[in-house]
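Below: one structure, written as structure tokens.
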Amino acid sequence: MSDRTFPAEHSPLADHSLPAEQGFTADEIDTSRPHPARMYDYYLGGWDNYEIDREAADEVIRVYPQVRDSARANRAFMQRAVRDAAAAGIRQFLDLGTGIPTSPNTHEVAREEMSDARVVYADNDPIVATHAGARLTNAPGTGFVLGDVRDPAQLLADPVVRALIDLDRPVAVLLVAVLHFVRDDEDPAGLVAALADALPAGSRLILSHATGEPYEEYAEGRTDEAARDGVLNVYKNATATLSLRDRVAVERLFGPFRLQEPGVVRVPLWRPDGPVPTAEEINNTIFYGGVGIKG
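Below is the structure:
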């Protein structure tokens, strides 16, 4: 067990944050194809996207108008799960595939409960790194890594991660709306297992994932195959394809992480802090979410 301490007043990083990786030129940002992070930003009402992202996102909205509500519900799930982890004493967070910053971000939510929480954000899109420098890493104890969840060893070995995250102490790893962009042949469960192997007991996995199956408690629920196929076709032309999975498959992704109550559920149903949506509204929310703890 590490003997490093984390009180902010004793930390060598207490008075400054670690910067995002810099030095990207415009031609390093792929604007020839839509990018899921920039499309997601558009769903949430953001402006950090390109015309090609907006065109693709508008096509998704055309075939599945509820996608914006789903994105907001997913964001709210992330905030509740982070708040819950921080309230339980987690002081370190790895937000993998963070996407375009949308306040409140992970460090802002965590610090509502734990003022000295440390957060490292990671994404594989250089434009996210550009925005991270302005919005995510200007606070003490935050950093950004340009990296890919498909290479967990490289992410965890990054100097920014090593400077801010003590892997001998519990860490909350966020994979929020990320693994549905990892194909089956890329072994998403194996990536989660590799992350788990590097983390101590008490660490958490906060995960959400898109699905194409209906909500089981909605009597009129069914899979709208035309809408599903329309969405999948849009993402076939993006920088990452979309792999929808059912609840059983999402549960398997948790691997060594023991699911907390209420398990894997549609994101509005994970420990709601307000009115519960109707069954029809839940049916229209395409994200499953859950939190697991490493035993």
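Residue numbers (the working numbering): 2 to 296.
From the three backbone atoms N, C-alpha and C, an ideal C-beta is built for every residue, glycine too.
{"Check": "Close Cβ partners of D54 (< 7 Å) along its chain, the five nearest in sequence each way excluded", "Outcome": "P35, H36, R39, M40, Y43"}
{"Check": "Bridge partner(s) assigned by DSSP for L196", "Outcome": "BP columns for L196 are empty, so no partner."}
{"Check": "Stretch pair the stretch 77–94 + the stretch 115–131: three plus CB contacts closer than 8 Å", "Outcome": "yes"}
{"Check": "Distance, G191 Cα to A181 Cα", "Outcome": "The sequence given here has His at residue 181, not Ala. Answer to the nearest angstrom: the Cα atoms are 14 Å apart."}
{"Check": "Inter-residue CB distance, D70 and T286 (contact presumed, cutoff 8 Å)", "Outcome": "7 Å"}
{"Check": "As assigned by DSSP and simplified to three states, the class of Q23", "Outcome": "For Q23, the pLDDT reaches just 43, beneath the cut-off of 50, and the residue's location in the model is therefore unreliable, leaving the point undetermined."}
{"Check": "Close-in-space but distant-in-sequence residues of the same chain around D159 (CB under 7 Å, 5 per side omitted)", "Outcome": "V146, G148"}
{"Check": "Test item: CB-CB of A173 and R205 under 9 Å", "Outcome": "yes"}
{"Check": "Residue range of the unbroken alpha helix (DSSP H) whose run includes G231", "Outcome": "226–237"}
{"Check": "Reference T242, options V193, A57, Q155, P141, closest by Cα", "Outcome": "A57"}
{"Check": "6 Å Cβ shell around V183 - same chain, five flanking residues per side excluded", "Outcome": "P189"}
{"Check": "Residues bridged to D149 (per DSSP)", "Outcome": "None; D149 has no bridge partner."}
{"Check": "Alpha carbon of F78 to alpha carbon of S33, nearest angstrom", "Outcome": "32 Å"}
{"Check": "Cβ distance (whole Å) where P379 is taken to contact R136 below 8 Å", "Outcome": "As displayed, the chain neither begins before 2 nor continues past 296, which places residue 379 out of reach and without an answer."}
{"Check": "Close Cβ partners of Y326 (< 7 Å) along its chain, the five nearest in sequence each way excluded", "Outcome": "Any property of residue 326 remains undetermined from this structure, which presents the chain solely from 2 to 296."}
{"Check": "Cβ contact (3+ pairs, closer than 8 Å) linking the stretch 209–224 and the stretch 153–170", "Outcome": "no"}
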